[in-house]
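Structure record follows, encoded as structure tokens.
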Amino acid sequence: MRLDDIDGTAVESTVVDAASVNRIVQQAASVGQRIYIRPADSAAR
Numbered sequence: 043m044r045l046d047d048i049d050g051t052a053v054e055s056t057v058v059d060a061a062s063v064n065r066i067v068q069q070a071a072s073v074g075q076r077i078y079i080r081p082a083d084s085a086a087r
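This is the structure we're talking about:
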């Protein structure tokens, strides 16, 4: 989930495979975005 810079609420939620996590973290870090990463439940697949 990408988090709002002001109040920390989720503004976007994306389910990705483990191989994509590093790319997403690097993109967020390059622009200073805050993200929250958690395992998806089996219903999200």
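For the sequence shown, our numbering assigns the number 43 to the initial residue and increments by one for each residue that follows. Ideal Cβ placement from N, Cα and C applies to all residues, glycine included.
What residue does the alpha helix (DSSP H) around Ala61 start on, and which one ends it? Element bounds for Ala61: 60-73.
By how many angstroms is the C-alpha of Asp59 removed from the C-alpha of Ala52? Note on geometry: alpha-carbon atoms of Ala52 and Asp59 lie some 19 Å from one another.
In chain order, what residues of the same chain have a beta carbon less than 8 Å from the beta carbon of Ala54, not counting five sequence neighbours either side? Reading off the sequence shown, one finds Glu at residue 54, where the question assumed Ala. Hits under 8 Å: Met43, Arg44.
Specify, as a first and last residue, the run of the beta strand (DSSP E) that Ala52 falls within. Segment 52-54, the beta strand (DSSP E) holding Ala52.
Close beta carbons around Arg76, own chain, < 6 Å, minus the five adjacent residues each side: Only Leu45 meet the Cβ criterion.
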